[in-house]
Amino acid sequence: MGFWTNLLEQRPANEELWRRHLRHVFPGSPGTREAVHKAVTDMRNLRNRCAHQDSLLDFDPGIELKKLLSLVEWIDPEARSWLEGIESVSTTASERPVAPARDVVVVAATVEKKTIEMYERVSAYVCANDRSIAQVTHIGFYVSKQIEPYFPQIEERIVPARWSSDEVKRLSGSEIAADKRLAKVMGYGLKNGWASGAQVQVFLLSEKKSPLTTRRSKPIVHEKSGRGSAFVKNPRYFALSALVAADNTAHLG
């Protein structure tokens, strides 16, 4: 892995090589050295954690597997199908003996990515592919100094191998319901802050009115103010029961 990450780094000596031959080595990729380097580096970091026996509790094994499969698909779709047929990550993860105590991730909703609007329109959350989110069951949104009063259940996590208008057309023509749903999310994302060729994770969520979505009567307000006082910058984890019971963010610690 070290060889590939070094070779893919932004170096004048290698730039011409990748400009001419990247499409032959990774024919299914977005076509840029930066995109492939990012994916390979992400895989290398995970490999190093496993090799050095570091904790993987900050990662979702299912997402990390899908990242790897997407990278493999850039090289050969048949290789991806073969790996999907022999992988044991999914089974092992499902047999985790103790469920995470903090089963909700709260993310900072951004205006430029229209996070809240995306959830309301297509019941999904999209983030960069290199963001690590632990294994959780629900998601919450922090915006305008408050945590919104609803926590949708995560129904499926997807790491698209391609993010483009052509892929939207392909998925829309599929007979698989999950593909059609992803097409709607991708189509919305392409028009609202997520450029073609972006490397992303997609979380398909329960709708706001769904019985799978946990709701409160009012938002959880963050009362502290001043520079650097935002309650959520990076993803934060809480127990769903704590979020339901809290009067304000001070009760969440």
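Under numbering that gives the first Met the number 0, the residue at position 130 of the sequence shown is numbered 129, and the numbers go up by one with no gaps. For glycine and all other residues, C-beta sits at the position ideal for the given N, C-alpha and C. The structure displayed is predicted, hence computed values, not measured ones.
Can you tell me whether residue i is buried or exposed? The criterion is at least 16 other CB atoms within 10 Å of its CB, across all chains shown.
i, result
"GLN200", "buried"
"SER122", "buried"
"ASP246", "exposed"
"ARG79", "buried"
"GLN152", "buried"
"GLY84", "exposed"
"GLY188", "buried"
"ILE138", "buried"
With DSSP run on the structure shown, which of helix, strand or coil describes residue i?
i, result
"ARG130", "coil"
"ARG235", "strand"
"ILE175", "coil"
"HIS51", "coil"
"THR4", "helix"
"THR213", "strand"
Residue i to residue j, Cα distance in whole Å?
i, j, result
"TRP272", "VAL24", "Summary: the structure shown does not reach residue 272, with the chain confined to residues 0 through 252, and so no result is reported for it."
"ASN5", "ALA197", "22 Å"
"VAL167", "GLU33", "23 Å"
"GLU111", "ASN191", "8 Å"
"LYS179", "VAL158", "15 Å"
"TRP162", "ALA38", "14 Å"
"GLU154", "SER87", "21 Å"
Give me the Cβ distance between residue i and residue j, rounded to the nearest whole Å; I'm assuming they're in contact under 8 Å.
i, j, result
"LEU242", "VAL103", "6 Å"
"ASP129", "ASP41", "5 Å"
Using a Cβ-Cβ cut-off of 8 Å (strictly less than) and excluding sequence neighbours within five positions of residue i, which residues of its own chain qualify?
i, result
"ARG156", "ASP59, GLY61, ILE62, LYS65, GLN200, VAL201, PHE202, LEU203"
"TYR257", "Residue numbering for the chain in the displayed model covers 0 to 252; residue 257 lies beyond these limits and cannot be assessed."
Note down, in chain order, each residue of its chain lying with its Cβ closer than 7 Å to the Cβ of residue i, except the 5 sequence neighbours on either side.
i, result
"ALA12", "none"
For residue i, collect the residues of the same chain with a Cβ closer than 6 Å to its Cβ; drop the 5 residues on either side in sequence, then sort them by chain order.
i, result
"ARG235", "VAL105"
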